[in-house]
Amino acid sequence: MKKDLPKTITEVEEIRIETDLLIIGGGNSGCFVAIEAKEKNPDVDVTIMEKAHIDRSGALAAGMDAINTYIGEGETPESIVAWSRAQVGGGPLREDLALSNAAILNQCVESLEAWGVPFKKDEKGRYKRRGRFDISIHGEQLKPIIAEKTKSYNPRILNRVAATNLLKDGDRVIGAMGFGIRDGKFYVIKAKATVVSTGGAAGLYRSATNDGTTSHHQMWMNPFNVGTGYAIGIRAGAEFTLMEQRWCATRVKDFCGPVDTISVGYKAKMINAKEELILDSPRYSDLGGDTAPRYIRANAPMSEWSEGRGPTFVDTRNLSPGQVKDLKIDYLNERPTYVLFLAARGQDPAKEPLEIYGSDPYIVGGHTASGYWIDGDRMATLAGLFAAGECAGGMPNKFVGGCAAEGVLAARGMLKHISGMDHGKLDQNQVAAEKERVFAPLLRGATLEAKYTMPVGQDPRWQYDAVTPEEMEERLQRLMDEYAGGVGQFFKCNEEQLNYALKHIGMMKKQLNKLFATSLHDLVLVHDVVDRLDVAEVVVLHLRERRECRWPGWQTRSDYPEVDPSLDCYINSRKNLKTSEIEMLKRSYQQVLPGDRTKAPSPIPLSAEKA
Ligand SMILES: Cc1cc2nc3c(=O)[nH]c(=O)nc-3n(C[C@H](O)[C@H](O)[C@H](O)COP(=O)(O)OP(=O)(O)OC[C@H]3O[C@@H](n4cnc5c(N)ncnc54)[C@H](O)[C@@H]3O)c2cc1C
Numbered sequence: 002m003k004k005d006l007p008k009t010i011t012e013v014e015e016i017r018i019e020t021d022l023l024i025i026g027g028g029n030s031g032c033f034v035a036i037e038a039k040e041k042n043p044d045v046d047v048t049i050m051e052k053a054h055i056d057r058s059g060a061l062a063a064g065m066d067a068i069n070t071y072i073g074e075g076e077t078p079e080s081i082v083a084w085s086r087a088q089v090g091g092g093p094l095r096e097d098l099a100l101s102n103a104a105i106l107n108q109c110v111e112s113l114e115a116w117g118v119p120f121k122k123d124e125k126g127r128y129k130r131r132g133r134f135d136i137s138i139h140g141e142q143l144k145p146i147i148a149e150k151t152k153s154y155n156p157r158i159l160n161r162v163a164a165t166n167l168l169k170d171g172d173r174v175i176g177a178m179g180f181g182i183r184d185g186k187f188y189v190i191k192a193k194a195t196v197v198s199t200g201g202a203a204g205l206y207r208s209a210t211n212d213g214t215t216s217h218h219q220m221w222m223n224p225f226n227v228g229t230g231y232a233i234g235i236r237a238g239a240e241f242t243l244m245e246q247r248w249c250a251t252r253v254k255d256f257c258g259p260v261d262t263i264s265v266g267y268k269a270k271m272i273n274a275k276e277e278l279i280l281d282s283p284r285y286s287d288l289g290g291d292t293a294p295r296y297i298r299a300n301a302p303m304s305e306w307s308e309g310r311g312p313t314f315v316d317t318r319n320l321s322p323g324q325v326k327d328l329k330i331d332y333l334n335e336r337p338t339y340v341l342f343l344a345a346r347g348q349d350p351a352k353e354p355l356e357i358y359g360s361d362p363y364i365v366g367g368h369t370a371s372g373y374w375i376d377g378d379r380m381a382t383l384a385g386l387f388a389a390g391e392c393a394g395g396m397p398n399k400f401v402g403g404c405a406a407e408g409v410l411a412a413r414g415m416l417k418h419i420s421g422m423d424h425g426k427l428d429q430n431q432v433a434a435e436k437e438r439v440f441a442p443l444l445r446g447a448t449l450e451a452k453y454t455m456p457v458g459q460d461p462r463w464q465y466d467a468v469t470p471e472e473m474e475e476r477l478q479r480l481m482d483e484y485a486g487g488v489g490q491f492f493k494c495n496e497e498q499l500n501y502a503l504k505h506i507g508m509m510k511k512q513l514n515k516l517f518a519t520s521l522h523d524l525v526l527v528h529d530v531v532d533r534l535d536v537a538e539v540v541v542l543h544l545r546e547r548r549e550c551r552w553p554g555w556q557t558r559s560d561y562p563e564v565d566p567s568l569d570c571y572i573n574s575r576k577n578l579k580t581s582e583i584e585m586l587k588r589s590y591q592q593v594l595p596g597d598r599t600k601a602p603s604p605i606p607l608s609a610e611k612a
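Each step along the sequence shown adds one to the number in the working numbering, with nothing skipped, and position 167 is 168.
Next comes the structure, spelled out in C-alpha cells:
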C-alpha cells in the first residue's frame with residue numbers, strides 16, 4: 002500500500018462543487034451536451050465528470066471509420082426511423098424519440114466536419130456513402146477533435162473522476178458523487194440538472210476473446226464503460242426499458258474487430274465451413290438474406306456454429322490488392338491493431354478468408370434500445386436526471402451521429418428544466434454513507450495488508466479472507482456467459498438458467514463487503530464490478546420477463562422459441578427503494594409512423610450501417 006493512501010475515512014479529502022449542469026461522462030454525447038448548453042447560454046455553469054480523459058475516452062477513443070447514420074439524398078427523417086424500426090424487427094422502439102433525433106441528426110454530423118474531422122467524399126463532393134445511411138470518414142482523430150471543441154467553451158472538466166452514485170433530494174436528482182481515480186479525493190457535485198452519458202456496459206459477460214488470462218479487456222467495446230450510468234440510475238429508482246435487448250454482433254474471431262467494415266464496405270459475403278453462403282442460403286433468404294435485420298445477420302454465423310457448420314468466415318478472396326489496402330486503411334482509422342494482428346499471422350485477406358464469430362453481449366442503448374426510460378426532453382423518471390447517448394433507452398441505431406444528437410436534445414431539455422430552479426437540499430448523511438461505501442474496500446485493503454506479511458516479491462493477497470475485484474469479475478462474467486445467454490451458449494437461455502444466474506448474482510452481492518483494494522486502480526475495478534452486478538441483475542430480470550424469442554441472438558429464449566404478439570410492448574423495470582426489489586412493468590407500444598413496422602419504405606440495399 003502506498004503511503005499516501007488513506008487509512009481512515011477522515012483522511013479522505015473532500016471536494017465540493019456547485020454547478021448548473023453536471024455531465025457524467027465526457028464521451029461523444031456528453032461533449033455534445035456541453036457544447037450545445039454553452040452555445041445556447043454562455044453563462045451557464047457546466048461541469049463534466051469524466052472517468053478517463055476527455056481527449057481520448059469512450060467508444061470513440063480508438064477512432065471510427067464511419068458514421069452509421071446520416072440522412073443522405075433521397076432519404077428523410079421518417080425514412081431513417083422506418084429503417085431503424087425494421088432493423089429491430091418492427092420494434093418495439095420509441096418512434097417519438099427517434100423522430101426528434103432524426104430531425105437534428107444531420108446538423109450534428111455536419112458539425113463534426115466543420116470542426117475538422119475529414120469526411121470521405123464521392124465524385125460529386127457529397128459524403129461518400131457506404132450503405133443506405135452509412136458514410137465513411139477518416140475518424141482516427143474524432144474524439145480529440147470533439148474534445149478540443151468542448152474545451153473551447155471552458156466548461157469545468159474533472160478528468161479521471163468516476164461517478165459512483167447520484168445525489169438526491171427526495172425524488173429529485175441534485176447531482177452526483179464520485180472519486181478521483183488518480184487523486185483519491187471524494188467529489189460531491191451539486192447540480193440543478195444532471196445528465197448521465199457514460200456510454201454502455203461492457204464486461205457483464207465473459208469476453209468472446211478471453212483466453213483465461215488478462216485478455217479479458219480484449220473486447221469489442223471500450224472496457225472502461227462498465228455500465229455505471231445505468232447502475233447509478235438503477236440504485237436511485239429510475240425506470241429502465243428494454244434491457245433484455247442486448248447487442249451481440251459478428252466480429253473478427255480472436256480479435257473482436259468490426260466485420261461490417263468488410264462485409265458492408267467491401268461486399269464480402271459470409272460463408273460457413275462448407276464454403277456455403279450463409280445469408281443467401283434457404284435458412285436465411287426468407288428472413289431477408291443479406292439485407293435481413295441486423296440481429297439476424299449477427300446471429301446467423303453463431304447458428305451455423307451451433308448447428309455444426311462452423312467455423313464461419315467473410316470471404317475476402319475476391320478483393321483486389323487495392324481493396325485489401327483500403328480495407329487496412331479503414332481498420333487503421335478505427336481498429337489499428339487489427340492490421341498488426343493480420344501481419345503477425347502473416348495473413349493476406351486476398352488469399353485467405355477472415356474468420357468471424359459472435360461477440361459477447363453488451364448493453365448499449367445507442368445500438369439496441371436498452372437504457373433509461375426518458376421523455377421528449379430526455380429527462381428520466383426522476384426529476385432533474387437526464388440521459389444521453391448509449392444511456393438513453395428506447396431508441397436503437399443511434400451510433401455516433403444519433404448519440405451526439407441525443408446530447409444536443411438533452412442539453413436543451415436541461416436548460417429548460419433549470420430555469421428558475423434552485424440547487425436542492427444536500428443531505429449530509431447521504432454524502433457520508435456514499436463516502437464510506439466508496440472507500441471501504443480501500444480501507445479494508447489497508448487492514449489486510451497490515452495483518453499479513455509475505456516475503457518481498459510475492460503476492461500476499463492469496464491469504465486474505467477477502468475477494469479481489471478480478472475474482473468477482475471473472476465469476477460474474479462466467480455466470481452470465483453460461484446462464485444468461487452468453488456467446489458460449491450461442492446466446493440461448495431458459496427460465497431455469499436465468500433463475501440460477503439471479504440466485505448467484507444475489508450470492509455475489511452478499512459478498513460485496515469482502516471486496517478489497519490496495520491501490521486506487523483496484524478501487525476502480527471494485528466499483529466497476531459492483532456496478533456490473535447491478536446492471537447484470539436487471540438484464541437477467543428483463544431476459545426472464547420476455548418469455549418469447551423476439552430478436553434471436555440479441556434475446557433468445559430456448560424455452561419460448563416463438564414471437565409472442567402479446568409481448569409487443571416495452572418491458573420496463575425500476576427498483577422499489579422501500580423493498581430494494583426490482584419491479585417489472587410493461588408499457589404499450591406507441592406507433593407514430595404508419596405502415597408495416599417490419600418494412601422500411603424502400604428496398605434496403607446490402608446492409609446499411611456498421612459498428
Ligand atoms: C468499438 C466501437 C466501434 C464503433 N463503430 C462505429 C462506427 O463506425 N460508426 C458509428 O456511427 N458508430 C460506431 N460505434 C457506436 C458509437 O461510437 C457510439 O454509439 C457512441 O459514440 C456512444 O456515445 P456515448 O456518448 O453514449 O458514449 P461514449 O462516447 O462511450 O462516452 C461515455 C463516456 O463516459 C465515461 N464514463 C464511463 N463511466 C464513467 C463514470 N463512472 N464516471 C464518469 N465518466 C464515465 C467514459 O470514459 C466515456 O468518456 C462504435 C462503438 C464502438 C464501441
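We put the beta carbon where it would ideally sit given N, CA and C, even for glycine.
Bear in mind the structure is a predicted one, so any value in this text is a computation, not a measurement.
In the structure shown, what three-state DSSP assignment does Lys129 receive?
Position 128 of the sequence shown, counted from the first residue, corresponds to residue 129. Lys129: coil per DSSP, three-state reduction.
Exercise for the section: Enumerate, from N- to C-terminal direction, the unbroken alpha helix (DSSP H) stretches of 4 or more residues contained entirely within the region 408–485. Expected result: Unbroken alpha helix (DSSP H) runs of no fewer than 4 residues, entirely contained in the region 408–485, are found at 429–452, 470–484, following chain order.
Open item on the list: Quick check on DSSP: helix, strand or coil for Met222?
Closed with: The count along the sequence shown starts at 1 and reaches residue 222 at position 221. DSSP, reduced to helix, strand and coil, places Met222 outside both helices and strands of the structure shown, so it counts as coil.
**Prompt:** If you drop the 5 nearest sequence neighbours on each side, which residues of the same chain put their C-beta closer than 8 angstroms to that of His54?
**Reply:** For this step, residue 54 is matched to residue 53 along the sequence shown. When the five nearest sequence neighbours on each side are left out, the beta carbons in the same chain lying within less than 8 angstroms of the beta carbon of His54 are those of Asn160, Arg161, in order along the chain.
Q: Give the single residue among Gly185, Leu444, Ile72 whose Cα lies nearest to the Cα of Gly403.
A: In the sequence shown, residue 403 corresponds to position 402, counting from 1. Nearest to Gly403 by C-alpha distance, out of Gly185, Leu444, Ile72, is Ile72.
Extent of the continuous alpha helix (DSSP H) to which Tyr363 belongs: Within the sequence shown, numbered from 1, the residue matching residue 363 stands at position 362. DSSP places Tyr363 in no alpha helix (DSSP H); its state is neither H nor E.
Kindly indicate which three-state DSSP category Leu499 falls into: helix, strand or coil?
Within the sequence shown, numbered from 1, the residue matching residue 499 stands at position 498. In the structure shown, Leu499 falls within a helical segment according to DSSP collapsed to helix, strand and coil.
Taking the straight line between their C-alpha atoms, what separation do you get for Lys611 and Ala104?
Walking along the sequence shown from the start, residue 611 turns up at place 610. Walking along the sequence shown from the start, residue 104 turns up at place 103. In this prediction, Lys611 scores a pLDDT of 49, lower than 50, which makes its location untrustworthy; no coordinate-derived value is stated.
I think Thr195 touches Ala209, with their Cβ atoms under 8 angstroms apart; what is that distance to the nearest whole Å? Here residue 195 corresponds to residue number 194 of the sequence shown, with the count starting at 1. Here residue 209 corresponds to residue number 208 of the sequence shown, with the count starting at 1. Between the beta-carbon of Thr195 and that of Ala209 there is about 34 angstroms, and that puts the pair past the 8 angstroms contact cut.
| said: Comparing C-alpha positions only, which one of Val530, Asn500, Val365 sits nearest to Glu546? | reply: Numbered from its first residue, the sequence shown carries residue 546 at position 545. The shortest C-alpha separation from Glu546 is found at Asn500.
### Message
For Asp529, which residues in the same chain have their Cβ closer than 6 angstroms to its Cβ, ignoring the five residues on either side in sequence?
### Response
Walking along the sequence shown from the start, residue 529 turns up at place 528. Its chain contains Val227 as the residues whose beta carbon lies nearer than 6 angstroms to that of Asp529, once the 5 sequence neighbours on both sides are disregarded; these appear in chain order.
Suppose you measure from the CA of Ser77 to the CA of Arg598; what does that come to, to the nearest Å? Counting from one through the sequence shown, the residue named residue 77 turns up at place 76. Counting from one through the sequence shown, the residue named residue 598 turns up at place 597. One point to set straight first is that residue 77 is Thr, not Ser, in the sequence displayed. Using only the alpha carbons, I get a separation of about 17 angstroms.
What three-state label does DSSP hand Trp374 in the structure shown? The residue you call residue 374 lines up with position 373 of the sequence shown. If DSSP states are grouped into helix, strand and coil, Trp374 belongs with coil.
Checklist entry - His139 by DSSP, collapsed to three states: which one? => result As a working mapping, residue 139 is identified with position 138 in the sequence shown. Per DSSP, reduced to three states, the secondary structure at His139 is strand.
Notebook entry, point to check: Taking DSSP as the reference, what is the three-state secondary structure of Pro397?
Noted result: Taking the sequence shown and counting its residues from 1, the one referred to as residue 397 is at position 396. In this structure, Pro397 counts as coil in the three-state DSSP scheme.
Distance between Glu474 and Phe33 (C-alpha atoms, nearest Å)
By 1-based counting over the sequence shown, the position of residue 33 is 32. By 1-based counting over the sequence shown, the position of residue 474 is 473. Rounded to the nearest angstrom, the two C-alpha atoms are 32 angstroms apart.
Fill in: Meets three-Cβ-pair contact criterion under 8 angstroms: the region 461–481 and the region 23–42
Contact fails between the region 461–481 and the region 23–42, because fewer than three Cβ pairs, one in each stretch, are under 8 angstroms apart.
- Item | Under 7 angstroms between C-beta atoms of Thr369 and Ala239 | Within the sequence shown, residue 369 is the residue found at index 368, counting from 1. Within the sequence shown, residue 239 is the residue found at index 238, counting from 1. With contacts defined as CB atoms closer than 7 angstroms, Thr369 and Ala239 fail to qualify as a contacting pair.
Check your understanding: ligand 1 heavy atoms versus the CB of Ala59: any closer than 6 angstroms?
Key -> Reading the sequence shown from its first residue, position 58 is the one you call residue 59. Note on residue identity: the sequence assigns Gly, not Ala, to residue 59. Within the cutoff, so yes.
### Message
Going by beta-carbon coordinates alone, are Leu534 and Glu549 separated by less than 7 angstroms?
### Response
One-based indexing of the sequence shown puts residue 534 at position 533. One-based indexing of the sequence shown puts residue 549 at position 548. Note that the C-beta distance between Leu534 and Glu549 is not below 7 angstroms.
*Determine the closest residue to Asp66 out of Glu12, Arg17, Lys129, Arg157, with distance taken between C-alpha atoms.*
If you number the sequence shown from 1, residue 66 lands on position 65. It is Lys129 whose Cα lies nearest to the Cα of Asp66.
Taking the straight line between their C-alpha atoms, what separation do you get for Ala83 and Met244?
On the sequence shown, residue 83 is found 82 positions in, with the first residue counted as 1. On the sequence shown, residue 244 is found 243 positions in, with the first residue counted as 1. Ala83 and Met244: Cα-Cα distance of roughly 22 angstroms.
Compute the beta-carbon to beta-carbon distance between Thr151 and Ala35, rounded to the nearest angstrom, for a pair I have assumed lies under 8 angstroms. Locating residue 151 in the sequence shown gives position 150, counting from the first residue. Locating residue 35 in the sequence shown gives position 34, counting from the first residue. Right, their Cβ atoms sit about 5 angstroms apart.
Quiz item: What are the boundary residues of the beta strand (DSSP E) that Val47 is part of?
Solution: Counted from its first residue, the sequence shown places residue 47 at position 46. Under the DSSP assignment, Val47 falls in the beta strand (DSSP E) whose first and last residues are 47–51.
Ile68 CB to nearest heavy atom of ligand 1 below 6 angstroms
For this step, residue 68 is matched to residue 67 along the sequence shown. Yes, the Cβ of Ile68 comes within 6 angstroms of a heavy atom of ligand 1.
**Item:** Own chain residues within Cβ distance below 8 angstroms of Glu96, not counting five before or after
**Value:** Against the sequence shown, residue 96 aligns to sequence position 95. Excluding sequence neighbours, Glu96 sits near Val82, Arg86, Gln591, Gln592, Val593, Leu594.
task: Can you grab the Cα-Cα spacing for the pair Leu607 / Phe134, in whole Å?
output: Residue mapping note: residue 607 aligns to position 606 of the sequence shown, counting from 1. Residue mapping note: residue 134 aligns to position 133 of the sequence shown, counting from 1. Residue placement at Leu607 cannot be trusted, given a pLDDT of 45 that sits under 50; what the coordinates show is reported in the next sentence. Straight across, the Cα-Cα distance linking Leu607 with Phe134 is about 11 angstroms.
How would you call Ala345, buried or exposed, if buried means at least 16 neighbouring beta carbons within 10 angstroms? Sequence index remark: in the sequence shown, residue 345 carries index 344 (1-based). Answer is exposed; the Cβ neighbour count stays below 16.
Practice problem: With a 10 Å radius around its C-beta and 16 neighbouring C-beta atoms as the bar for buried, classify Tyr453 as buried or exposed. | Solution: Your numbering for residue 453 matches position 452 in the sequence shown. It is exposed - the Cβ of Tyr453 has fewer than 16 other Cβ atoms within 10 Å.
Checklist entry - Whose C-alpha, out of Arg252, Leu23, Lys275, is nearest the C-alpha of Arg157? => result Reading the sequence shown from its first residue, position 156 is the one you call residue 157. Nearest option by C-alpha distance: Leu23.
Task: Backbone secondary structure at Lys600 - three-state DSSP - done: Here the question's residue 600 lines up with position 599 in the sequence shown. In the structure shown, Lys600 sits in coil (DSSP, three-state: anything other than H, G, I, E or B).
Met222: buried (16+ other C-beta within 10 angstroms of its C-beta) or exposed? Here residue 222 refers to the residue found at position 221 when the sequence shown is read from its first residue. Taking all protein chains in view, the Cβ of Met222 is crowded by 16 or more other Cβ atoms within 10 Å, so the residue is classified as buried.
Measure the Cβ-Cβ separation of Gly408 and Glu391 and say whether it is below 7 angstroms.
Position 407 of the sequence shown, counted from the start, is the residue given in the question as residue 408. Position 390 of the sequence shown, counted from the start, is the residue given in the question as residue 391. For Gly408 and Glu391, no; Cβs fall outside 7 angstroms.
| How would you write the range of the alpha helix (DSSP H) that Arg236 sits in, first residue to last? | Along the sequence shown, read from residue 1 onward, the residue named residue 236 stands at position 235. Note, Arg236: alpha helix (DSSP H), 229–237.
Notebook entry, point to check: Excluding sequence positions up to five away, which residues of its chain have a Cβ less than 6 angstroms from the Cβ of Ser559?
Noted result: One-based indexing of the sequence shown puts residue 559 at position 558. Apart from the 5 residues on each side of it in sequence, Ser559 sits with its Cβ closer than 6 angstroms to the Cβ of Lys493, Asn495 in its chain, given in chain order.
Is Glu14 helix, strand or coil by DSSP? Counted from its first residue, the sequence shown places residue 14 at position 13. For Glu14, the secondary structure class from DSSP, reduced to helix, strand or coil, is coil.
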